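Student: Just so you know, the protein sequences line up as chains L and X, in that order. For the first sequence, the residue numbers in this note's numbering are 1 to 153. For the second sequence, the residue numbers in this note's numbering are 1001 to 1823. A single structure is presented below for examination.
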Amino acid sequence: MNELKVTIFKRKSNWYNGCMRYLSVLLGYLKWHYGKALFTTFALWRNFSVFVFNFFSIKSLASNFFTPWKRLAETYPKGIHLQEDLEIFLVNTMMRFVGMVLRTIMLAIGLFCYFIFLLSMPFFLIVWLLLPPFILLLIVFGLILIFSNSIWK
Amino acid sequence: MEIRDYLKQSSLYNVLAEESLFSERARTRIIKISNTIIICIFFILIVLFFIESSAKFKDYQNMAAFLVPRMVGLLFVSSGCWIFSKLMGFYLSSKYYFERVAKNNYSKDEVYTFSAGRILYAGRKTDILHGFLNSEIGRLVFLRLGVSERDVSDFYDSEPVIKEEVMPKTEGDMMKIEDLVSYLYSAKPNFVKFLNERGISDKELSGAVDWVIYEIESREYLSEWWRPEFLSRIKGIADDWSFGKTFLLDKYSRNLMKDFEVISESFVISNRDTEISQIENALSKTVGSNAMLVGEPGQEKIQVIWSMCRNIKKGNIAAALSNKKPILLSVSSIASVCKDKDTFEDQIQRIFYEVIKAGNIILVIDNITQLLKLAESLGSDFTNIMDPFFASSVIQVVALANTADFHQFIESNKSLINRFETVFVRPLSDDEVARIISGSALLSERQYEIFYTYQAIQELADSAGYYFPDGVSSDKAESLLNEIAPWAKRQNIFLIDKDAVLKFIEQKTNIPTSRIVSATEKDKLLNLEKVLGQRVIGQDDAILSISNALRRARSGVRNPNKPIGSFLFFGPTGVGKTETAKALAEVFFGGEKDMMRLDMSEYQTDDAMEKLIGSFASGKPGIFSDMLREKQYGVVLLDEFEKTNKEVLNLFLQILDEGFFSDMMGQKVNARNIIFIATSNAGAEKIFEMVKEGKNPKDFQEDLISEIVSKGLFKPELINRFDGTIIFKPLNKEDLAKVGKLMLQKLSKRLIEKGITLNITDELINFVVVNGTNDAFGARPMNRFIQDTIEGKIATAMISGELNTGNNIDPIIENNNFSIKVG
């Protein structure tokens, strides 16, 4: 009789222990999700923002905003030749202008994307924060749908 | 200490426990199943909505209305499971990956590595061996060793379980998986037996373990594509719209710090600490801080620089190099732009000024000899112009040069070489080469959907050095790897093992690799006396010595830097020396046609070397070098070896030692798949005398050789290079009778093909021996005699119609005359 009791107790405690182990992992997970992982998301977000910034060459475009297009400039000849100097000046100004226009377009696209990305951060943050309850909701709601008759009628 | 207690010592224990609840295998299974369900339901839902909306399927609409919510529910549940498993994976890997697995940065107080912990945990209830066999790493290791999962699981079941195994002691502070495996190899005889039965050595086992760990680590590393080092590889779209400050330098160079080999440290294996520290020392000097890196043509030199870059990135470098960026200057692109002296000098000086101005650049010149030649061709005095730069304290230069070029052009240029510290790139061993190409093999596997076993990789690395003696072995192995993958695809081979590699090499080089090195060689070597004895008569002692020497030379690990075997045969003419060579060709290479013969008496004059290995002046190729290029394997018979000149003997000194020689053009010729047999008549009289006195060749061998050496015919070091010096004794009457019988049997065999039978009587044999042999030439004239006398008579009879198909020939010997009687 005693032996039986012990076995039942053992079985019960094994089952109980197992449950507790899973529960403790889940609790550990939640701690990570709202702690360390949250910071990692920030780091990731920083990586990506640097990437977007570099991908559109925003820094290089801004710092070279007035340089001629692909450095296609002509050098002035030595001495003073009024007409030639004027022609070269016009050509160089044109090249600078072309460069400026193209850079402006590129900068506009780049900055637009960059800001979109910056603005997306809060959105992702919210998604991340809501993910654990969302999973629970998905599974519970899914199960309800599977086993009930009336919900969709 | 028991394993259970040992495991609990580490903080990793909790992670291991958590991981065992949500194991990787279970998670990937859930993800796979959810994926399939989600996709299926998606299509089912489309169909169901179509049914609901269309009037055609009125009868089915009730069913659809019943199914739709359930399908949506299933979709929700599986999506939930999918997300959960993914997140759980992130969570668990965040616990061990970032700090521990991929970078191998374990904290000092850690007791075991995570991978070792996994094995111990898996074997916690049983023992280490079962843990290893049962673990994911163990499974992968056996896959890499080409052992089937079934064999492993059979072995797993057959091994008794140890209840309480005591933890083995480690050599280092931390228990690594390598330690566990070497413990298993030393302490579990059944495990060793299991491996040995499959031809796996401990070296291969530990190599495969290293490879598997490397594979896991690099896979984990590459899976994190969002790391800044990966993102920064993507080039900005408008980066080249406006050049930066080192505009000229950028045009001719690239930043090595941004090379993939530097950024993704996990895909590069190298062992270049010596070279790097030499470069560090050179570049740390206050004045003239330059280094010249000299090595074989190929990627090895730049690989050293890459390793240095990785050290710079990690901050593990001398102060003079920290935070510097090595820039590789491409001499070819300078050459393509600079067409005259002025542009060249202008550009090169401006580049150097830019480097000085930037202040954080180590200038790496990719081919300094090419730059010197370019300067020379343009008429510019490069050394003098650049000397102030090289001598200054404000610039650090690493120049790369090929070994041959270095000796030819740079070593003599004293004013240049004084400004540089020379660093030689050490050639890598086969094991190191195998380690390097094992990384590339993973890429090739992904690209071609094939699988390499570890033995295949090892064989590729070995073969690169063995069958292709020219060039850098890591480069050659790399190119072999690049060739074998598409080849295997064409042959429908998906598992590339050692045999597949050998087959590939055989097709590529025409060297019968399988015939030289396969398992059948074992049988050949064991039965060598028997096989040779059937063809070579009366030389049992010689045959035994040859067989022993060959077995000695070929036992254990094959020395890849020597010919298969080499012998020096002494003895009078006509005693079976050539016949032995022919027999060896047949045994080892499958036919007499694989015996190449050089009559060394033709190479006595001063131009002997030119004849053999070619002439640079006339551009004529050499007979010997051509012979070995056409056929890289076989038996080479060097007849009358003592008659050739000293120079040629010295050439063979090198060949017997290193297994290759260079022809007149400086190209290496491979002689590593050759059996060399040199014959000599030197000392033939002495052999005659001694044998007449009834002495055994073994007893006077030493005397004979010292006599030959004292005569100055061969140098002792040459004789010692041969695997064996064999003395062939003159044949006695009985032996000659056997030879005669053998030759007559050959004739009879030919006649039988024509339907004619020759009765070989003792009388006939005696007749042949008496007339067809003499003391000076042994059995050599016998063949001729048989041809002239016996074959001649038979041929006459056949032509005259006397002898026809189906007839018998009875020989009649009268008064030492031969005639035939047709029966």
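C-beta: ideal position from N, C-alpha, C; glycine also. None of the values given here were measured: they were computed from a predicted structure.
If contacts are defined as beta-carbon pairs under 8 Å, then residue 1736 of chain X and residue 1748 of chain X qualify, I think. What distance do you get, rounded to the angstrom?
Tutor: Taking the first residue of the second sequence as 1, we reach residue 1736 of chain X at position 736. Taking the first residue of the second sequence as 1, we reach residue 1748 of chain X at position 748. Rounded, the Cβ-Cβ distance is 18 Å, inconsistent with contact.
Student: For residue 103 of chain L, which of helix, strand or coil comes out of DSSP?
Tutor: What you label residue 103 of chain L is simply residue 103 of the first sequence in a count that begins at 1. Helix, per DSSP.
Student: For residue 1065 of chain X, which of helix, strand or coil comes out of DSSP?
Tutor: As a working note, residue 1065 of chain X is residue 65 in the second sequence. Correct three-state label for residue 1065 of chain X: helix.
Student: Which same chain residues end up closer than 7 Å to residue 1103 of chain X when comparing Cβ atoms and leaving out the 5 residues on each side of it in sequence?
Tutor: Translated into positions along the second sequence, residue 1103 of chain X becomes position 103. Unreliable positioning characterises residue 1103 of chain X in this predicted model, as indicated by a pLDDT of 46, which lies under 50. The coordinate reading is nonetheless provided below. So no residue of the chain qualifies.
Student: Within 10 Å of its beta-carbon, does residue 1338 of chain X have 16 or more other beta-carbons around it, so buried, or fewer, so exposed?
Tutor: Taking the second sequence and counting its residues from 1, one reaches residue 1338 of chain X at position 338. Answer is buried; the Cβ neighbour count reaches 16.
Student: Rounded to whole angstroms, what is the Cα-Cα separation between residue 1376 of chain X and residue 1286 of chain X?
Tutor: As a first step, residue 1376 of chain X must be located in the second sequence, where it is residue number 376. As a first step, residue 1286 of chain X must be located in the second sequence, where it is residue number 286. Answer to the nearest angstrom: the Cα atoms are 30 Å apart.
Student: I'd like to know if residue 1222 of chain X contacts chain L, where contact means its C-beta is closer than 9 Å to some C-beta of that chain.
Tutor: Residue mapping note: residue 1222 of chain X aligns to position 222 of the second sequence, counting from 1. False, the Cβ-Cβ gap to chain L never drops below 9 Å.
Student: Which same chain residues, not among the five before or five after residue 16 of chain L, have their C-beta less than 8 Å away from its C-beta?
Tutor: The count along the first sequence starts at 1 and reaches residue 16 of chain L at position 16. Hits under 8 Å: none found.
Student: With a threshold of 7 Å on Cβ separation, who are the neighbours of residue 1574 of chain X within its own chain once the five nearest residues in sequence on each side are excluded?
Tutor: Numbered from 1 along the second sequence, position 574 holds the residue referred to as residue 1574 of chain X. Cβ neighbours of residue 1574 of chain X beyond the five flanking positions: 1777, 1778, 1779 and 1780.
Student: Taking residue 1598 of chain X as the reference, give the member of X:1606, X:1208, X:1169 and X:1642 with the closest Cα.
Tutor: Within the second sequence, numbered from 1, the residue matching residue 1598 of chain X stands at position 598. Answer by Cα proximity: X:1642.
Student: Taking a contact to mean a Cβ-Cβ separation below 9 Å, would you say residue 1083 of chain X touches residue 126 of chain L in this structure?
Tutor: Walking along the second sequence from the start, residue 1083 of chain X turns up at place 83. Walking along the first sequence from the start, residue 126 of chain L turns up at place 126. Contact flag unset, no.
Student: Buried or exposed for residue 76 of chain L, please, with buried defined as at least 16 other CB atoms from any protein chain shown within 10 angstroms of its CB.
Tutor: On the first sequence, residue 76 of chain L is found 76 positions in, with the first residue counted as 1. The residue in question, residue 76 of chain L, is exposed, as its Cβ has fewer than 16 Cβ neighbours within 10 Å.
Student: Mark residue 1527 of chain X as exposed unless 16 or more other C-beta atoms lie within 10 angstroms of its C-beta, in which case mark it buried.
Tutor: Looking up residue 1527 of chain X in the second sequence gives position 527. When all chains shown are included, residue 1527 of chain X counts as exposed.
Student: Can you have a look at residue 1685 of chain X and say buried or exposed, based on whether 16 or more other CB atoms are within 10 angstroms of its CB?
Tutor: Counting from one through the second sequence, the residue named residue 1685 of chain X turns up at place 685. Exposed: under 16 other Cβ atoms inside 10 Å.
Student: Just confirm the distance between the C-beta atoms of residue 145 of chain L and residue 1072 of chain X, as a whole number of angstroms; I'd bet it's less than 8 Å.
Tutor: By one-based count along the first sequence, residue 145 of chain L stands at place 145. By one-based count along the second sequence, residue 1072 of chain X stands at place 72. The Cβ separation is near 6 Å, so the contact holds.
Student: Pull up the distance between the alpha-carbon of residue 954 of chain X and that of residue 1227 of chain X, whole angstroms please.
Tutor: Coverage of chain X is limited to positions 1001 through 1823, which leaves residue 954 of chain X absent and any answer about it impossible.
Student: Under 9 Å, Cβ to Cβ, is there at least one residue of chain X near residue 124 of chain L?
Tutor: On the first sequence, position 124 is the one that residue 124 of chain L refers to. It does not: the Cβ of residue 124 of chain L has no partner Cβ on chain X nearer than 9 Å.
Student: Do you know how far the Cα of residue 1127 of chain X is from the Cα of residue 1009 of chain X?
Tutor: Sequence index remark: in the second sequence, residue 1009 of chain X carries index 9 (1-based). Sequence index remark: in the second sequence, residue 1127 of chain X carries index 127 (1-based). For residue 1009 of chain X and residue 1127 of chain X, the distance between alpha carbons rounds to 18 Å.
Student: Tell me which residues share the same chain as residue 1676 of chain X and place their Cβ nearer than 6 Å to its Cβ, disregarding the 5 neighbours each side in the sequence.
Tutor: As a first step, residue 1676 of chain X is located in the second sequence; it is residue number 676 there, counting from the start. Hits under 6 Å: 1563, 1566 and 1636.
Student: Name the residues in the stretch 1197-1228 of chain X whose C-beta lies less than 7 Å from a C-beta of chain L; which are they?
Tutor: Cβ contacts with chain L come from 1226 and 1228.
Student: Let's test the definition: count the other Cβ atoms within 10 Å of the Cβ of residue 1423 of chain X and tell me whether it reaches 16, buried, or not, exposed.
Tutor: Residue numbering aside, residue 1423 of chain X sits at position 423 when the second sequence is read from its first letter. It counts as buried.
Student: Please check the pair residue 1237 of chain X and residue 57 of chain L, which I expect to be a contact at CB under 8 Å, by giving their CB distance rounded to whole angstroms.
Tutor: Here residue 1237 of chain X refers to the residue found at position 237 of the second sequence. Here residue 57 of chain L refers to the residue found at position 57 of the first sequence. Indeed, because the Cβ distance is near 6 Å, the residues count as touching under 8 Å.
Student: Give the residues of chain L in contact with residue 1022 of chain X, contact being defined as C-beta atoms less than 9 Å apart.
Tutor: Here the question's residue 1022 of chain X lines up with position 22 in the second sequence. Those within 9 Å of residue 1022 of chain X in chain L are 22 and 25.
Student: Quick check: is any heavy atom of the ligand GDP less than 8 Å from the C-beta of residue 1392 of chain X?
Tutor: This structure simply doesn't include the ligand GDP, nor any ligand for that matter.
Student: If you run the structure through DSSP and keep just helix, strand and coil, what is residue 1697 of chain X?
Tutor: Numbered from its first residue, the second sequence carries residue 1697 of chain X at position 697. It is helical.
Student: Going by beta carbon distance, what residues of the same chain come within less than 8 Å of residue 1730 of chain X, once the five residues before and after it are set aside?
Tutor: Working through the second sequence from its first residue, we reach residue 1730 of chain X at position 730. Counting only Cβ-Cβ distances below 8 Å, and skipping sequence neighbours, we find 1571, 1572, 1575, 1687, 1688, 1691, 1775 and 1778.
Student: Residue range of the beta strand (DSSP E) that residue 1536 of chain X falls in?
Tutor: Reading the second sequence from its first residue, position 536 is the one you call residue 1536 of chain X. Where residue 1536 of chain X is concerned, there is no enclosing beta strand (DSSP E), given that its DSSP letter is neither H nor E.
Student: Where do the N-terminal and C-terminal ends of the beta strand (DSSP E) with residue 1670 of chain X fall, by residue?
Tutor: In the second sequence, the residue the question calls residue 1670 of chain X occupies position 670. From DSSP, the beta strand (DSSP E) with residue 1670 of chain X extends over 1668-1670.
Student: Quick one: what's residue 1112 of chain X bridged to in DSSP?
Tutor: If you number the second sequence from 1, residue 1112 of chain X lands on position 112. Looking at the DSSP assignment, residue 1112 of chain X forms a beta bridge with X:1175.
Student: What did DSSP end up calling residue 1228 of chain X once you bin it into helix, strand or coil?
Tutor: Indexing the second sequence from 1 puts residue 1228 of chain X at position 228. Residue 1228 of chain X: helix per DSSP, three-state reduction.
Student: Which chain L residues are close to residue 1337 of chain X, counting only those with a beta carbon under 8 Å from its beta carbon?
Tutor: The count along the second sequence starts at 1 and reaches residue 1337 of chain X at position 337. Under the 8 Å cutoff, chain L gives no residues; its nearest Cβ is about 16 Å from residue 1337 of chain X.
Student: Classify residue 1808 of chain X as buried or exposed, calling it buried when 16 or more other Cβ atoms lie within 10 Å of its own Cβ.
Tutor: Reading the second sequence from its first residue, position 808 is the one you call residue 1808 of chain X. Exposed, by the Cβ-count rule.
Student: Could you spell out where the alpha helix (DSSP H) holding residue 1348 of chain X opens and where it closes?
Tutor: Counting from one through the second sequence, the residue named residue 1348 of chain X turns up at place 348. First-last of the alpha helix (DSSP H) with residue 1348 of chain X: 1341-1358.
Student: Output yes or no for whether 9 Å exceeds the beta carbon distance between residue 1608 of chain X and residue 1647 of chain X.
Tutor: Residue numbering aside, residue 1608 of chain X sits at position 608 when the second sequence is read from its first letter. Residue numbering aside, residue 1647 of chain X sits at position 647 when the second sequence is read from its first letter. Yes; because the gap between Cβ atoms is below 9 Å, this pair is in contact.
Student: Could you name the residues of the stretch 27-54 of chain L whose beta carbon sits closer than 8 Å to any beta carbon of chain X, in the order they occur along the chain?
Tutor: Answer in chain order: 28, 29, 32, 33, 36, 37, 40, 44, 47, 48, 50, 51 and 54.
Student: Could you please tell me which residues of the stretch 1390-1414 of chain X, in chain order, have their CB closer than 8 Å to any CB of chain L?
Tutor: Within the stretch 1390-1414 of chain X, no residue has a Cβ that lies closer than 8 Å to any Cβ of chain L.
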